[in-house]
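Numbering (UniProt numbering), first residue to last: 1 to 125. From the three backbone atoms N, C-alpha and C, an ideal C-beta is built for every residue, glycine too. Here is the structure we will look at, set down as C-alpha coordinates.
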(Lines of atoms letter the chains of each structure in order from A and count residues from 1; the text may use other names and numbers.)
(Lines give C-alpha, C1' and ligand atoms only; values in the text may rest on other atoms or scores of the structure.)
Protein backbone atom coordinates (compact mmCIF):
# COMPACT_ATOMS: atom_id res chain seq x y z
CA UNK A 1 0.00 0.00 0.00
CA UNK A 2 1.31 3.42 -1.00
CA UNK A 3 0.21 6.31 1.20
CA UNK A 4 0.11 10.02 0.39
CA UNK A 5 -0.41 12.46 3.28
CA UNK A 6 -2.16 15.77 2.57
CA UNK A 7 -0.45 19.07 3.37
CA UNK A 8 -3.12 19.82 6.01
CA UNK A 9 -1.64 17.04 8.16
CA UNK A 10 1.68 16.74 9.93
CA UNK A 11 4.69 15.46 8.02
CA UNK A 12 5.30 13.23 11.06
CA UNK A 13 2.65 10.86 9.72
CA UNK A 14 5.11 9.77 7.04
CA UNK A 15 7.58 8.60 9.69
CA UNK A 16 4.78 6.80 11.54
CA UNK A 17 3.86 4.92 8.36
CA UNK A 18 7.47 4.06 7.56
CA UNK A 19 7.94 2.68 11.10
CA UNK A 20 5.27 0.15 10.08
CA UNK A 21 7.02 -0.65 6.79
CA UNK A 22 4.53 1.35 4.73
CA UNK A 23 5.52 3.25 1.60
CA UNK A 24 4.49 6.80 2.46
CA UNK A 25 5.18 10.36 1.40
CA UNK A 26 3.77 13.83 1.98
CA UNK A 27 2.37 16.34 -0.49
CA UNK A 28 5.04 18.83 0.64
CA UNK A 29 7.86 16.31 0.06
CA UNK A 30 6.64 15.91 -3.52
CA UNK A 31 6.74 19.67 -4.13
CA UNK A 32 2.96 19.84 -4.53
CA UNK A 33 2.12 22.20 -1.67
CA UNK A 34 -0.71 24.53 -2.66
CA UNK A 35 -2.00 22.31 -5.46
CA UNK A 36 -5.72 22.35 -6.08
CA UNK A 37 -7.58 19.29 -4.82
CA UNK A 38 -8.55 18.15 -8.32
CA UNK A 39 -4.87 18.26 -9.37
CA UNK A 40 -3.94 16.22 -6.32
CA UNK A 41 -6.65 13.74 -7.27
CA UNK A 42 -4.90 13.08 -10.58
CA UNK A 43 -1.61 12.52 -8.73
CA UNK A 44 -3.31 10.21 -6.21
CA UNK A 45 -4.93 8.07 -8.89
CA UNK A 46 -1.85 7.90 -11.12
CA UNK A 47 0.33 6.96 -8.15
CA UNK A 48 -2.13 4.39 -6.77
CA UNK A 49 -2.04 6.08 -3.37
CA UNK A 50 -4.26 5.72 -0.35
CA UNK A 51 -4.81 9.39 0.47
CA UNK A 52 -4.89 10.65 4.07
CA UNK A 53 -6.43 14.06 4.77
CA UNK A 54 -8.68 15.96 7.12
CA UNK A 55 -10.33 17.75 4.20
CA UNK A 56 -13.26 15.38 4.01
CA UNK A 57 -15.70 17.81 2.46
CA UNK A 58 -13.82 18.26 -0.81
CA UNK A 59 -12.25 14.83 -1.14
CA UNK A 60 -15.48 12.92 -0.49
CA UNK A 61 -16.90 14.65 -3.57
CA UNK A 62 -13.81 13.99 -5.68
CA UNK A 63 -13.60 10.35 -4.65
CA UNK A 64 -17.30 9.77 -5.29
CA UNK A 65 -16.61 10.53 -8.97
CA UNK A 66 -13.99 7.76 -9.22
CA UNK A 67 -15.06 4.25 -10.23
CA UNK A 68 -11.83 2.82 -8.79
CA UNK A 69 -9.42 4.18 -6.20
CA UNK A 70 -7.09 2.83 -3.52
CA UNK A 71 -8.92 4.42 -0.60
CA UNK A 72 -9.45 7.63 1.29
CA UNK A 73 -8.65 8.07 4.99
CA UNK A 74 -10.09 11.12 6.72
CA UNK A 75 -8.88 12.15 10.17
CA UNK A 76 -12.01 13.92 11.39
CA UNK A 77 -10.93 15.95 14.44
CA UNK A 78 -8.68 18.99 14.14
CA UNK A 79 -5.70 17.91 16.25
CA UNK A 80 -2.12 18.84 16.97
CA UNK A 81 0.61 16.72 15.30
CA UNK A 82 1.18 14.22 18.17
CA UNK A 83 -2.53 13.44 18.28
CA UNK A 84 -2.68 13.22 14.48
CA UNK A 85 0.05 10.57 14.63
CA UNK A 86 -1.85 8.64 17.30
CA UNK A 87 -5.05 8.61 15.23
CA UNK A 88 -3.17 7.74 12.06
CA UNK A 89 -1.51 4.79 13.79
CA UNK A 90 -4.96 3.61 14.89
CA UNK A 91 -6.10 3.92 11.27
CA UNK A 92 -3.13 1.84 10.08
CA UNK A 93 -3.98 -0.86 12.63
CA UNK A 94 -7.59 -0.81 11.45
CA UNK A 95 -6.57 -1.00 7.79
CA UNK A 96 -4.42 -4.04 8.56
CA UNK A 97 -7.59 -5.88 9.61
CA UNK A 98 -9.45 -4.95 6.40
CA UNK A 99 -7.23 -6.70 3.92
CA UNK A 100 -7.43 -3.85 1.41
CA UNK A 101 -8.66 -0.29 1.09
CA UNK A 102 -9.82 -0.33 -2.53
CA UNK A 103 -12.86 1.92 -2.98
CA UNK A 104 -13.11 2.41 0.78
CA UNK A 105 -13.70 5.56 2.80
CA UNK A 106 -12.22 5.30 6.29
CA UNK A 107 -13.20 7.99 8.79
CA UNK A 108 -11.14 8.22 11.96
CA UNK A 109 -13.11 10.01 14.68
CA UNK A 110 -11.06 8.66 17.63
CA UNK A 111 -8.66 5.79 18.29
CA UNK A 112 -11.61 3.58 19.17
CA UNK A 113 -14.07 5.11 16.69
CA UNK A 114 -13.15 4.30 13.09
CA UNK A 115 -15.95 4.06 10.56
CA UNK A 116 -16.47 2.78 7.01
CA UNK A 117 -19.24 4.99 5.62
CA UNK A 118 -20.25 4.98 1.99
CA UNK A 119 -19.07 7.74 -0.28
CA UNK A 120 -21.80 10.10 -1.46
CA UNK A 121 -23.31 9.24 -4.83
CA UNK A 122 -21.67 10.92 -7.84
CA UNK A 123 -23.13 14.28 -8.74
CA UNK A 124 -24.57 14.72 -12.20
CA UNK A 125 -22.80 17.34 -14.29
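Check: What is the rounded straight-line gap between the Cα of residue 17 and the Cα of residue 123?; Outcome: 33 Å
Check: Is it true that the CB of residue 3 sits closer than 8 Å to the CB of residue 23?; Outcome: yes
Check: On a CA-only basis, which of 55, 87, 36 and 67 is nearest residue 121? Give me that one, please.; Outcome: 67
Check: Measure the beta-carbon distance from residue 32 to residue 43 and round it to whole angstroms, keeping in mind my assumption that it falls under 8 Å.; Outcome: 7 Å
Check: For the beta strand (DSSP E) containing residue 73, list its first residue and its last residue.; Outcome: 72–75
Check: How many angstroms separate the CA atom of residue 27 from the CA atom of residue 45?; Outcome: 14 Å
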